[in-house]
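Everything on this sheet refers to the single structure shown next.
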Amino acid sequence: LLELISGDIWALDHDLKNYLTKRVELTNDKSKELPILSQVDEIKRHILVDGEYEEWIADFLKEKGF
């Protein structure tokens, strides 16, 4: 769950799903399923990603400078 997002939440969701999809394809991790599913809540300003991606999401955020 990514919380308290400011800015373009839809662009962040799109970029995050692209990043996770590429990592799944590169690693051939059978425990990860495609497509990556997420739920965006504009009112609460959060994105919920379905699956066990905490470490990869942290890597994504570090790469983006968060």
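Yeah, the sequence shown ends on 79 if you go by this note's numbering, and it's all consecutive. Glycine included, each C-beta is placed from N, C-alpha and C at the ideal position. Keep in mind that this is a model prediction, so the values were computed, not measured.
Neighbourhood of residue i by C-beta distance below 6 Å, restricted to the same chain and skipping five residues each side
{"i": "arginine 36", "result": "Trp69"}
Cβ separation of residue i and residue j, assumed to be a contact under 8 Å, to the nearest whole Å
{"i": "valine 62", "j": "isoleucine 22", "result": "No, valine 62 and isoleucine 22 are not in contact; Cβ-Cβ is about 13 Å, not under 8 Å."}
{"i": "glycine 64", "j": "glutamate 46", "result": "7 Å"}
Coil, strand or helix - residue i by DSSP
{"i": "leucine 25", "result": "helix"}
{"i": "leucine 14", "result": "coil"}
{"i": "aspartate 31", "result": "With the sequence shown as reference, residue 31 is identified as asparagine, and aspartate is not the correct amino acid for it. Three-state result, asparagine 31: helix."}
{"i": "aspartate 42", "result": "coil"}
{"i": "lysine 9", "result": "Outside the displayed span of the chain (14 to 79) sits residue 9, for which this structure offers no information."}
One or two residues paired with residue i in a DSSP bridge
{"i": "valine 62", "result": "Ser51"}
Proximity below 8 Å, CB of residue i to CB of residue j
{"i": "arginine 58", "j": "leucine 17", "result": "yes"}
{"i": "leucine 29", "j": "phenylalanine 79", "result": "no"}
Distance cut-off 7 Å: residue i Cβ against heavy atoms of the ligand ATP
{"i": "leucine 25", "result": "Looking at this structure, you won't find the ligand ATP or any other ligand, since it has none at all."}
Any chain B beta carbon closer than 8 Å to residue i
{"i": "leucine 61", "result": "Reference to chain B is not applicable here, since this structure consists of a single protein chain."}
Nonlocal neighbours in the same chain, by C-beta distance under 7 Å from residue i, ignoring five residues either side
{"i": "leucine 50", "result": "Asp63"}
{"i": "glutamate 55", "result": "Ile22"}
Residues near residue i in its chain [Cβ-Cβ closer than 8 Å; skip 5 each side]
{"i": "asparagine 31", "result": "none"}
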